[in-house]
Amino acid sequence: IQRLGLHITATIRSVGRESYDSLLSMDGVIVIGKFEIAPDDLLLNRLQNIVFVDYSPDESRYDSVIVDFEQVTVMAIDHLLSLGYRKIGFIGSRDSITSFGTDTGIDRIDLRHRRFESYMMEKGLYEPQHVYIGSNYSMLMGYQLMQQAIVAKDFPEAFVLASDSMAIAAYKALEEAGLRVPKDIAIISIDDIEMASYANPPLTTIKVYTEQMGQSAVNLLMEQIAGREIPIKVVVPPRLMVRGSCGAAVRY
């Protein structure tokens, strides 16, 4: 942003009514996160330049930059299927969408969870007892959910985890139970945080290009300030990062 001659005037971590005057004084706003937007929202109707990142509330009205997490989930499953795994589980969390202007969270099913279920059903491989859903994406939640999976009688061959942080914590639960990755259980996750390549074994994951998402958001905002009026939706493609946690080198 600074390279383009722009300055960050304020960083607002929650959008309540008390934030409106500050937001209306800005030349442009980048909103990061998931928000439910009322069609008659007074703030959004008065803001001239706004870009949503990680969510597209109304692509006919607003610029947005997103990752297709349904595609990401399919990529993760397809990688496991290509290695011969059929008994595949999922560890994730409920999602939350904030009501814009009230800062009230609304609980809902996460896109990764929903697509895992539907895609595994399409393949005739869905087994609900292999799905473990928590209340957040923290490392502690990943650790606890993997512990639950371990003590269950029916343990899958592989797991898709909704985030790298959950997966890295799940490693600890598996190690404590005497289970080895990938010999006893294959793991693939989503994000490609820096720690993923330093895990033991290095974590196979679907890379989400967060830096590119931010750059795209700034570019879209600059175009709006320059006068573009037609809304644009940018979908940043993910990438499979094959490392050591799925046993690709062992199985072939």
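Residues 6 to 257, numbered by this note's numbering, are exactly what the sequence shown covers, in order.
A virtual CB, placed ideally from N, CA and C, is assigned to each residue, including glycine.
Practice problem: Compare the C-beta of residue 206 against all C-beta atoms of chain D and say whether one is closer than 7 Å. | Solution: In the displayed structure, chain D is absent; only one protein chain is listed.
*Report the option in 170, 132, 175, 140 whose CA atom is closest to the CA atom of residue 148.*
175
**Q.** Euclidean distance between Cα positions of residue 240 and residue 196
**A.** Approximately 15 Å, taken between the alpha carbons.
ask   = What are the start and end residues of each continuous beta strand (DSSP E) run of 3 or more residues lying completely inside the segment 85–129, in chain order?
value = 93–98, 100–104, 109–113
Minimum length 4: unbroken alpha helix (DSSP H) runs contained in the segment 134–203 = 144–156, 169–181
- Would you list the one or two residues that DSSP bridges to residue 57? Assignment of beta-bridge partners to residue 57 by DSSP yields 36, 69.
I need the DSSP call for residue 230, collapsed to helix, strand or coil.
helix
Check: Per DSSP, residue 246 is paired with what?
Finding: In the DSSP secondary-structure assignment, residue 246 is bridged to 210.
Practice prompt. Using a threshold of 7 Å, state whether the C-beta atoms of residue 82 and residue 124 are closer than that.
Written response: yes
What three-state label does DSSP hand residue 223 in the structure shown?
DSSP places residue 223 in the helix class (H, G or I) of the three-state scheme.
Would you give the residue range spanned by the beta strand (DSSP E) that residue 2 belongs to? Because residue 2 is not part of the residues shown, which for the chain are 6 to 257, the question remains open.
task = Report back the beta-carbon spacing between residue 96 and residue 171 to the nearest angstrom; my notes put them in contact at under 8 Å.
result = That belief holds up - the Cβ atoms of residue 96 and residue 171 are roughly 6 Å apart, short of 8 Å.
Nearest-angstrom Cβ-Cβ length linking residue 159 and residue 201, presumed shorter than 8 Å:
The Cβ separation is near 28 Å, so there is no contact.
Practice task
With DSSP collapsed to three states, give me the class of residue 64.
Solution key: Here residue 64 sits in coil by DSSP.
With three or more beta-carbon pairs closer than 8 Å as the criterion, would you say the segment 67–78 touches the segment 221–234? Three or more Cβ pairs closer than 8 Å define a contact, and the segment 67–78 meets that threshold against the segment 221–234.
Among the residues of its own chain, which have a CB less than 8 Å from the CB of residue 134, if the five just before and after it don't count?
157, 159
| said: Within 8 Å, do at least three Cβ pairs link the segment 116–131 to the segment 183–194? | reply: no
Point to revise | Helix, strand or coil at residue 17 [DSSP, three-state] | key: Caution applies to residue 17, whose pLDDT of 48 falls short of 50 and renders its modelled position unreliable; the model cannot decide the point.
Below 7 Å CB to CB, which residues in the same chain sit around residue 210 once its five sequence neighbours on both sides are set aside? 169, 193, 194, 195, 196, 197, 201, 246
ask   = For residue 82, which three-state DSSP category applies?
value = helix
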